[in-house]
Amino acid sequence: MQAQTKVFTEYWSNGTKATEGTLNQDNIRTGEWTWFHENGNKQTEGSYDDKGNKIGIWTSYYPDGKVQKTEVFSGSGEAKAFFPNGKLQYSYTITDGKRQGKFEEYYANGQKKTEAFYKDDELDGQAFWWYENGLKDMEGELKAGKRDGLWTYYYKSNGKQGSRGNYKDDKETGHWVYFYETGEKWREGEYDNGNRIGLWTTYYENGKIHHKGSYVAGKEEGVWQSWFEDGKTMERGSFSAGLMSGTWEVFYPDGTRKTQTAYKDGLKHGCEILYDESGNLSQKCDYTNGIMNGRWEKYIGGVLVEKGAYSQGKKDGEWIFYSASGAKQRQQGFKNGRPHGKWTEYYSANKKASEGEYKEGLKHGTWKNYDRNGKVLSTTIFSEGQKIKETISDKTK
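Under my numbering, the first residue of the sequence shown carries the number 1222, and numbering increases by one thereafter.
Here it is, written out as structure tokens:
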């Protein structure tokens, strides 16, 4: 008994045909189908088997009637795509349902973009890519769709090599070299199974070493060092399993030490000391697992101007500020990062200018202001930040 079919037709709102094809008794598309643009020109045409699967060659068109692409869903044939200007976008051959042979791809300006080969649906063999300006982008060997063997990458601006090295099973292996746009060597080192191993070196364009250090299984390990172009040390320290560890030092271009920092598991841990360009102490502080914890001191020209402490990244306890001559200027208390406890400001020679207390970040209790002779200028009483009473020079508010 012959299967029953029916014609299916749809129309655009302007009355032109939009779709035409055949449905079987289960409303599954079968046989030839055609779709149309609103202007009446064909949009897509192709065939379905009895199960609703696309078969054979399908063709799509631009609204002006030019071929947009041909696709092969079964059997053999050539698949192609075209730009609106009619120029070829790509082409490859399907044999018994699999991509085989040469694959070519182009830019809209007609410049070739890719040239490669298919074997049983996978890119295989030597392959080339180009930039739109016609200069080579990259080239290398493929095996079953994966990079294998020597690959070379190029700069778009001038076509010079950007990097060169080998792959195995799509992962970097062996010696790799990277270049500046000028063609000078930038970096080189070894890979194993996609991971950096052994000594890696980075260079300035003049050929002098910029950075140098080793990798183990893709992670920095041991001593690493950086240099300025004149050969003076810029930075040095150690890594453990890819994390900064131990003492790291950073230097100014003239060789003067800039910072000295202790690390543990990639985080600042222990003492950090900063110096100005003259070599004078600038700052000294302590860290615990990357968080300020413990003493904090600031210096100007090697003279202490501020000292205090942090607890878990927040100011805590007594903080004292000094003038460049060493005279105390301010004394402040903190708790959990907020003002707490006694606060005092001084004129010269430890003469008080004002004093009072904070409680959990709010002024609380009696606050006094003094003149340089020690006479009280005003007295203000606060209760948890609210002004209760103020006395100024024998006057009361």
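In this text, a Cβ means the ideal position worked out from N, Cα and C, and glycines have one as well. Nothing here was measured: the structure is a model prediction, and the numbers come from that model.
Pair within 7 Å by beta-carbon distance, residue i and residue j
i: R1320; j: D1342; result: yes
i: T1363; j: D1345; result: Here residue 1363 turns out to be Leu, not Thr, going by the sequence shown. Yes. Within cutoff.
i: Y1376; j: T1394; result: no
i: T1243; j: E1231; result: no
i: G1606; j: K1584; result: yes
i: G1331; j: K1367; result: no
i: N1245; j: T1265; result: no
i: K1535; j: N1501; result: no
i: A1302; j: K1290; result: yes
i: Y1579; j: P1560; result: yes
i: Q1481; j: E1470; result: yes
i: A1337; j: A1329; result: no
i: I1418; j: Y1401; result: no
First through last residue of the beta strand (DSSP E) which encompasses residue i
i: G1582; result: Where G1582 is concerned, there is no enclosing beta strand (DSSP E), given that its DSSP letter is neither H nor E.
i: L1356; result: Counting along the chain, L1356 falls outside any beta strand (DSSP E), and DSSP gives it neither H nor E.
i: H1432; result: I1430 to V1437
i: W1350; result: G1346 to W1351
i: N1514; result: I1512 to I1521
i: N1416; result: N1416 to Y1424
i: K1389; result: Q1382 to K1389
i: F1257; result: R1250 to F1257
i: Y1376; result: Element bounds for Y1376: n/a, residue is neither H nor E.
i: S1614; result: It is not in any beta strand (DSSP E) - S1614 carries neither H nor E in the DSSP assignment.
i: F1303; result: G1298 to F1303
i: N1245; result: K1238 to N1245
i: S1461; result: T1454 to S1461
i: R1551; result: K1549 to K1556
i: Y1283; result: No beta strand (DSSP E) holds Y1283; DSSP gives it neither H nor E.
i: E1493; result: L1488 to Y1496
i: Y1412; result: K1406 to D1413
i: T1394; result: K1392 to F1400
i: T1230; result: T1226 to Y1232
i: K1263; result: K1263 to Y1269
i: G1273; result: Here G1273 belongs to no beta strand (DSSP E), and DSSP marks it neither H nor E.
i: S1312; result: L1309 to T1316
i: F1472; result: L1464 to F1472
i: A1337; result: K1333 to K1340
i: S1447; result: K1440 to W1448
i: K1479; result: R1478 to K1485
Buried/exposed call for residue i, threshold 16 Cβ in 10 Å
i: V1398; result: exposed
i: R1593; result: exposed
i: M1222; result: Its pLDDT being 44, under 50, M1222 is placed unreliably by the model, and the measurement read from it follows with that caveat. It is exposed - the Cβ of M1222 has fewer than 16 other Cβ atoms within 10 Å.
i: N1514; result: buried
i: F1229; result: exposed
i: G1267; result: buried
i: R1516; result: exposed
i: K1238; result: exposed
i: H1396; result: exposed
i: V1293; result: buried
i: I1609; result: exposed
i: I1613; result: exposed
i: A1483; result: buried
i: T1565; result: buried
i: E1259; result: exposed
i: N1571; result: exposed
i: E1253; result: exposed
i: D1451; result: exposed
i: D1537; result: buried
i: E1442; result: buried
i: R1373; result: The sequence given here has Thr at residue 1373, not Arg. T1373 comes out exposed.
i: G1434; result: buried
i: D1271; result: exposed
Distance cut-off 6 Å: residue i Cβ against heavy atoms of the ligand GTP
i: N1427; result: Within the structure as shown, the ligand GTP is missing, as the structure has no ligands at all.
Supposed contact pair residue j and residue i - C-beta distance, whole angstroms, cut 8 Å
i: Q1533; j: E1518; result: Not a contact, Cβ separation roughly 19 Å.
i: N1387; j: G1404; result: No, N1387 and G1404 are not in contact; Cβ-Cβ is about 21 Å, not under 8 Å.
i: Q1550; j: Y1543; result: 6 Å
i: S1295; j: G1277; result: 6 Å
i: T1280; j: S1297; result: Wrong, their Cβ atoms sit about 16 Å apart, outside the cutoff.
i: G1322; j: T1314; result: 5 Å
i: G1410; j: L1420; result: 6 Å
Minimum Cβ-Cβ distance from residue i to chain C less than 7 Å
i: Q1347; result: No chain C appears in this structure, which consists of one protein chain only.
- Could you say if the segment 1490-1510 and the segment 1453-1465 meet the contact criterion of at least three C-beta pairs nearer than 8 Å? These segments do not touch.
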